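These notes are about the structure you will find just below.
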Amino acid sequence: MRDLFIIVKKELTELLRDKKTIINSIVLPTLLIPVLMFGGIKVSQMIQESNQQKKVQLGLVNAPQDFVALAKKDTLNQITTYTGSEDFKALIDDEAIQSALVFPADWQTQMDSLSTASVSVYRNGTKDNVNGRVSKLLETYSAQLKKKRIALLNIPTEKMNPMVQNYVEVGEQKELIGKRVGGFIPYIFILTMWGGCLLAAIDLVTGEKERKTIETTLSLPISKFSVLIGKAIVASLLGFIPALLNLTGLIIGLNFIDDIPDTFKLALTEMLSPQSITMILLLLIPFSLFLAGLIIALVAGATTFKEAQSKASPIIILIIIPLVMALMPGIEFTWATVFIPVLNIGLGVKEIMAGTINIGMYTAMLLSLVIFAVTAIYFSYKKFSDENAILS
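Note that our numbering has the sequence shown beginning at 107, numbered continuously upward.
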């Protein structure tokens, strides 16, 4: 144990001498989530306010006067009248107009006969702000026409509504938000852990080769296994600590960012209870060791930092794919997914934050992560014990 402590102290001292390591592993992870939260909220507000103030260029064909009057009530609607023979696709592409509404020539006749008329709406599906405002305008106009027909037919309004939908939400706010946003949190954690473990593991193995100090380390009266375990622990710490600071940053953001909706903030605060945080951190400890062991095994034979990065970097694909799958609807935390690395963390954290985690499945997941960590350490030790690879 004393030998292991010596190696851990030595490696941590060397790594933390580098200011870039401190910035990347401590400063940035702490600020990352608050900046993302605050920046995301502010950008969203700015875009929403900007969209509300934008003018909408509407092209109208055969539009009835009551519709034109309704459209002009909003001073941001700019109306241009056309005959109907124009190429509206070209006009929209050229930004002469943003949407065109073509009413049938016999519109009034159809309305007088209480028929259902069709209005053609030319639009660019990517312009969400314009399309939303046009749809709202048409819905308002349709509601006015419906009201007139009800009055004309002398039908009580309540008879036109045969059914009222009354939704009774049985899920807690915590569960709803946890299932919807909980998948993004491990996405940030795991990618941050990967970056920390990658840089630390490469520096502790390949970096020592380049600095010509690996021979000195191996010549110490300490077993190679202790040396390897010490390096793996330090590399995992440089992955685990940023994830821990991500959590800290999230809690700080919830307490100091005022623009977060109160219901959302209250639910997130409840989700990030001491119990939930403890359960999440227990998963990240073996996972960080797994990443450290895996990366050391991959880079043990590399002779340069660049070569080590090229060997280890492709593994990021095997991390991103399960994380993306964890965000997809329909993929649940079941016994079929509980043993799949990365995917199980992504799904498990959602369940933890929603308060619906099955303790038996959680225990199985934690044990599987420990097994994966031990396996990765074993393979890294086998590679680290190969003198031809480690001293080349």
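Yeah, the Cβ is synthetic: ideal placement off N, Cα and C, and Gly gets one too.
Predicted, not measured: the structure shown is a model, and the values here were computed from it.
The beta carbon of Met299 sits closer than 8 Å to the beta carbons of Gly345, Phe346, Pro348, Ala349, Leu390, Phe393, Ser394 and Leu397 from its chain, once the five residues preceding and following it are set aside; these are given in chain order. In the DSSP assignment, the residues bridged to Val208 are Val167 and Ser226. In this structure, Ile185 places its C-beta atom within 8 Å of the C-beta atom of Leu164. Contact annotation: Ala406 and Ala482 have beta-carbon atoms that are not nearer than 8 Å. In the DSSP assignment, Ile185 falls outside any alpha helix (DSSP H) and lies within the beta strand (DSSP E) extending over Asn183 to Tyr188. When rounded, the separation of the alpha-carbon atoms in Leu258 and Gly190 is 31 Å. For Ala442, the closest of Lys252, Phe209, Ser474 and Leu176 by C-alpha to C-alpha distance is Ser474. Leu378 and Leu356 have their C-alpha atoms roughly 9 Å apart.
When C-alpha distances from Glu192 are compared across Leu166, Trp213 and Pro170, the shortest belongs to Leu166.
Contact between the stretch 425-436 and the stretch 321-331 is not established, with fewer than three Cβ pairs separated by less than 8 Å. DSSP places Trp441 in no alpha helix (DSSP H); its state is neither H nor E. Sequence-distant partners of Ala338 (beyond 5 residues in either direction) whose C-beta falls short of 7 Å from its own C-beta, in its chain, are Leu395, Ala398, Gly399, Ile402, Ile483 and Ser486.
According to the DSSP assignment, Lys195 belongs to the alpha helix (DSSP H) that extends over Phe194 to Asp199.
Nearest to Ser224 by alpha-carbon distance, out of Ile426, Ser248, Asn235 and Lys254, is Ser248. Here DSSP, grouped into helix, strand and coil, assigns Val333 to helix. Of the other Cβ atoms in all chains shown, 16 or more fall within 10 Å of the Cβ of Tyr468; this residue is therefore buried. In this structure, the beta-carbon distance from Gln204 to Pro170 does not fall below 8 Å. Within 10 angstroms of the beta-carbon of Thr232 lie fewer than 16 other beta-carbons, which makes it exposed.
Using a Cβ distance threshold of 8 Å, Ile308 and Gln415 count as a contacting pair.
The DSSP-derived three-state label of Val430 is helix. Under DSSP, Val149 forms no beta bridge with any residue. The beta-carbon separation of Val227 and Val240, rounded to 7 Å, stays under the 8 Å limit for a contact. Beta-bridge partners of Val162 (DSSP): Asn183. Secondary structure at Ile391: helix, using DSSP grouped into helix, strand and coil.
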